[in-house]
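See below for the structure under consideration.
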Amino acid sequence: MSGTPVVMTIAGSDSGGGAGIEADIKTFAALGVHGSCAITSVTAQNTKGVLGVYDLPLQVISAQINAVCSDMDVRWAKTGMLSSAEIIGLVAEEVRSRGLSLVVDPVMAAEAGGDLLRKDAVTALKEELLPFSKVVTPNVYEAHTLSGIDVKDTTDAKKAAKKITEFGADVAIVTGGHLAASDIVYEATSDKFTVIPGKFQEGGTHGSGCTYAACIAAFLSKGCSIIEAATLAKSFVEKAIINSVKVGHGVGPVNQFGPTLKDAYRYAALQNTILAADMLVSCDGFEKLVPEVGCNIAMATPDATLVADVAGINGRIICVRNKPYIAGGVELGGSGHVGRMVLTAMEFDPCVRAAVNLSYSEKVLLICKDLGLSISSFDGNDIPSQTSMTGTMDWGVALAIKKFGQLGLKKVPDVIYDIGSVGKEPMIRLFGKSAEEVAHQVVKIVRSYSSINGLDGHIDV
């Protein structure tokens, strides 16, 4: 058997994919536990609200729980939408008989609007399910409904949390969407309160409650203490809100994989740039294309907005005894100059995420033309003198792209060169979708370079 914890979610399905079972499974996967499920209800739901609720027969819910628990070592479970007293009673009996450690998310309403718990089911929740729960995670509204205490501040939240544990839960966590972003944890066995501070984050919050409770269950299944689990869960949800994506016309769903994908994109950009740089310095003849100021190659993450999101050489490729040499390591933000070129190109075409700067020569431009690469240019003297080099825009590249676009051609040319300005070396810039793609083009140019002994006139672009 695998050492990976198996966690079950017993909840409703959100057809919009933002909350419920869908949010729970995504959360479990992002945290490295195996997610299993028993669906209690199917909702017709989107980011604007719940349009319909369709409860599954009790025997179907029971069969799902039995199928999973009879095969897998399920020790922790969390509940979400349990819409009726009958469903709550069934789930309570299953949890009790199987000895499951339970986290209860007392879902009463959808973030985007719509009741998910019938009024007559609140009593069943308090009397039948909470006595068998380890942790309950109400928001302010749910804490008020369960405790009868109007929660307006931290003091009220503490009173409500303590009152809720009187129904049998070991721990109550009142989540702080309305409490200056702080979560209140009350541990009944030790009569201890802990405030987990946080910050309000900009972004969609649909599914945040489900995600939080799923986090608590996942972290507890991995051996964390309740305070560790609550702290990690809060951080996870805040990042999921920051990375939320607007997919509909209502409340945007949280994005559980946002931070993971960003890390993956950064790693991919770094590795791609490392391979590309090695490809360049390993290419015989590349030294002929290295500018006097040195060469750099860079690649951005898909969502890059800052130079810090662009992998490049912290240093440059230079020539030592007529051999190209990487003077520095590849890191995010490594090249401000080429990084700005890439960010500028992405403003016009997000798919163009890499660039390299090469020494200017008409021979190289001729080769680029023969290879079928599109070419544009700019005059360095046309760049405003007050242009700051600390921003993310390369004005020369922007001018060349706009000039290219006026010809009715594709958004970003493959090659942009300048004729230089006073005190600056003229340069050729090669663009592509990845650093490796750009490096492959440079290798083609190098291989063609020695076969051209001269030029048959000026390069027309």
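Numbering follows the numbering used here, with no gaps: position 353 of the sequence shown is 344. Each residue gets a CB set at the ideal place from its N, CA and C atoms; glycine is no exception. As the structure is a prediction and not an experimental result, all values here were calculated from the model.
Suppose contacts are defined by Cβ-Cβ distances below 9 Å. Is residue i in contact with residue j by that definition?
i: Thr166; j: Tyr203; result: yes
i: Ala21; j: Ser75; result: no
i: Leu93; j: Leu116; result: no
i: Gly7; j: Pro244; result: yes
i: Val347; j: Ala295; result: no
i: Leu49; j: Ile30; result: no
i: Ile407; j: Ala391; result: yes
i: Gly9; j: Ile16; result: no
i: Gly40; j: Gly241; result: yes
i: Val433; j: Phe277; result: yes
i: Phe123; j: Val86; result: yes
i: Phe422; j: Ala345; result: yes
i: Thr145; j: Ser173; result: yes
i: Ala389; j: Thr335; result: yes
i: Ile164; j: Val126; result: yes
i: Ile52; j: Met(-1); result: no
Return the chain-ordered list of same chain residues with a C-beta closer than 7 Å to the C-beta of residue i, the five sequence neighbours on each side being excluded.
i: Gln377; result: Interpretation of Gln377 is limited by its pLDDT of 49, a score under 50 that renders its predicted location unreliable; the figure taken from the coordinates is listed afterwards. Correct list: empty, nothing qualifies.
i: Glu283; result: Glu416
i: Lys435; result: Leu362
i: Thr185; result: Val176 and Ile218
i: Met63; result: Val(-3) and Ser27
i: Thr196; result: Glu102, Ile232, Val242 and Val245
i: Lys143; result: none
i: Lys230; result: Gly249 and Pro250
Can you tell me the Cα-Cα spacing of residue i and residue j, whole angstroms?
i: Asn246; j: Val236; result: 7 Å
i: Tyr316; j: Trp386; result: 29 Å
i: Lys415; j: Phe339; result: 26 Å
i: Arg109; j: Tyr177; result: 27 Å
i: Ala426; j: Ile265; result: 9 Å
i: Pro250; j: Phe227; result: 9 Å
i: Val452; j: Lys424; result: Reliability fails at Val452, whose pLDDT of 43 lies under 50, so the model's placement of it is uncertain and the value that follows must be treated cautiously. Spanning the two alpha carbons is a distance of roughly 22 Å.
i: Ala453; j: Thr292; result: In the structure as shown, the chain begins at -8 and stops at 452. Residue 453 is therefore absent and cannot be evaluated.
i: Val59; j: Val98; result: 23 Å
i: Pro404; j: Ser367; result: 6 Å
i: Ser32; j: Asp46; result: 4 Å
i: Val329; j: Met384; result: 11 Å
i: Asn287; j: Val429; result: 12 Å
i: Asp96; j: Trp67; result: 14 Å
i: Lys354; j: Val437; result: 11 Å
i: Asp300; j: Tyr256; result: 10 Å
i: Leu297; j: Leu323; result: 10 Å
i: Ala83; j: Leu120; result: 5 Å
i: Ala160; j: Pro129; result: 12 Å
i: Phe248; j: Gly371; result: 43 Å
i: Phe369; j: Ser212; result: 60 Å
i: Thr(-5); j: Ile12; result: 20 Å
i: Phe395; j: Lys402; result: 8 Å
i: Gly285; j: Ser352; result: 15 Å
i: Cys215; j: Leu91; result: 17 Å
i: Gly239; j: Lys393; result: 33 Å
i: Val343; j: Ala179; result: 56 Å
i: Asp431; j: Met337; result: Contrary to the premise, residue 431 reads as His rather than Asp in this sequence. Each residue's alpha carbon lies about 20 Å from the other.
With a threshold of 8 Å on Cβ separation, who are the neighbours of residue i within its own chain once the five nearest residues in sequence on each side are excluded?
i: Ile140; result: Ala134, Asp147, Lys150, Ala151 and Lys154
i: Gly319; result: Ile304, Asn305, Gly306, Arg307 and Gly325
i: Cys206; result: Thr18, Leu22, Ala220, Leu223, Ala224, Phe227 and Val228
i: Ser379; result: Model confidence at Ser379 stands at a pLDDT of 47, short of 50, so the residue's coordinates are unreliable and nothing is read from them.
i: Leu261; result: Ala302, Val321, Glu322 and Leu323
Can you find the residues in the same chain that come closer than 6 Å, C-beta to C-beta, to residue i, ignoring five residues on each side of it along the sequence?
i: Gly194; result: Ile232, Ile233 and Ser235
i: Leu349; result: Leu280 and Ile419
i: Ala14; result: Gly198, Cys201 and Thr202
i: Ile217; result: Val162
i: Ile187; result: Asp174, Ala221, Thr222 and Lys225
i: Gln36; result: Asp5, Ser6 and Gly7
Going by DSSP, name the residue or residues bridged to residue i.
i: Met(-1); result: Ser27 and Ala68
i: Met290; result: Ala302 and Ala345
i: His197; result: Pro244
i: Asp182; result: BP columns for Asp182 are empty, so no partner.
i: Ser32; result: Asp46
i: Leu362; result: In DSSP, Leu362 forms no bridge with anything.
i: Cys310; result: Pro315
i: Phe369; result: Asp409
i: Tyr440; result: Looking at the DSSP assignment, Tyr440 forms no beta bridge with any residue, so it has no partner.
i: Asp5; result: Thr34
i: Asp174; result: Ile187
i: Lys143; result: The partner list for Lys143 (beta bridge, DSSP) is empty, contrary to what the question assumes.
i: Arg420; result: Asn348 and Ile407
i: Ile233; result: For Ile233, which the question treats as bridged, DSSP gives no partner whatsoever.
Measuring only from the beta carbon, is residue i closer than 8 Å to any heavy atom that is part of the ligand HEM?
i: Ile265; result: This structure simply doesn't include the ligand HEM, nor any ligand for that matter.
Checklist entry - Are three or more beta carbon pairs between the region 298 to 312 and the region 359 to 367 nearer than 8 Å? => result no
Next on the checklist: Measuring CB atoms only, is the region 208 to 227 touching the region 271 to 286, in the sense that at least three cross pairs come out at less than 8 Å?
Outcome noted: no
Next on the checklist: Contact between the region -2 to 9 and the region 69 to 83 is defined here as three or more beta-carbon pairs at a separation below 8 Å; is this criterion met?
Outcome noted: yes
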